[in-house]
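Under the working numbering, the first residue of the sequence shown is numbered 91, with each subsequent residue one higher. Structure first, then comments.
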Amino acid sequence: MRTVTLQAQSSATGFGPIFVAETAWARTRGLLGRARLCANEGMLIKKCSSVHTVGMRYPIDIIFLRSDGHILRVVSSLCPLRLSVCKGAAMVLELSAGCAHALQLKPGVQLFGW
91 MRTVTLQAQS SATGFGPIFV AETAWARTRG LLGRARLCAN EGMLIKKCSS VHTVGMRYPI
151 DIIFLRSDGH ILRVVSSLCP LRLSVCKGAA MVLELSAGCA HALQLKPGVQ LFGW
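Shown next as structure tokens:
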């Protein structure tokens with residue numbers, strides 16, 4: 091799976107590695123069965139506007155993005171056995187719980203680097 095480093099328009103430093111889920115299988119699997127994410131590590135799921143945490147053992151931050159990289163919605167610490175949807179999202183960035191706040195990711199911020 092390809093990895094990238096992302097950068098917010100308001101920050102001079104990047105974060106990652108971010109694993110990019112581009113194939114149907116990678117998008118379906120997501121983080122299921124994977125170890126807990128490290129700080130600033132994540133998964134970018136393309137062609138996605140909803141996620142679930144069924145089968146996960148830890149909470150994650152969910153960042154819904156438009157196709158141009160602008161953040162539409164941030165869901166902090168989505169616990170296991172939950173679902174989150176964002177109408178109009180083209181991609182979802184999954185980060186370890188608390189990373190979105192630490193990286194100051196909020197609606198309107200644009201991400202680059204994929």
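For each residue, glycine too, the CB sits at the ideal point set by N, CA and C.
With DSSP as the reference, please indicate the residues paired to residue 151 in a beta bridge. 185
>> Within 10 Å of its beta-carbon, does residue 171 have 16 or more other beta-carbons around it, so buried, or fewer, so exposed?
In response: exposed
Taking the alpha helix (DSSP H) that residue 117 belongs to, which residues open and close that run? 114 to 119
Residue 192, DSSP secondary structure in three states: helix
Exercise. For residue 180, collect the residues of the same chain with a Cβ closer than 8 Å to its Cβ; drop the 5 residues on either side in sequence, then sort them by chain order.
Key: 136, 137, 138, 139, 155, 156, 157
- request: Note the first and the last residue of the continuous beta strand (DSSP E) segment covering residue 95.
  value: 93 to 98
Quiz prompt | The beta strand (DSSP E) enclosing residue 203, as first and last residue numbers | solution = Residue 203 -> no beta strand (DSSP E), and no H or E assigned at all.
Q. For residue 96 versus residue 201, is the C-beta distance shorter than 7 Å?
A. yes
Going along the chain, which residues of its own chain have a beta-carbon closer than 8 Å to the beta-carbon of residue 103, five neighbours each way excluded?
-> 97
Please check the pair residue 91 and residue 129, which I expect to be a contact at CB under 8 Å, by giving their CB distance rounded to whole angstroms. Contact flag wrong, Cβ pair sits at about 20 Å.
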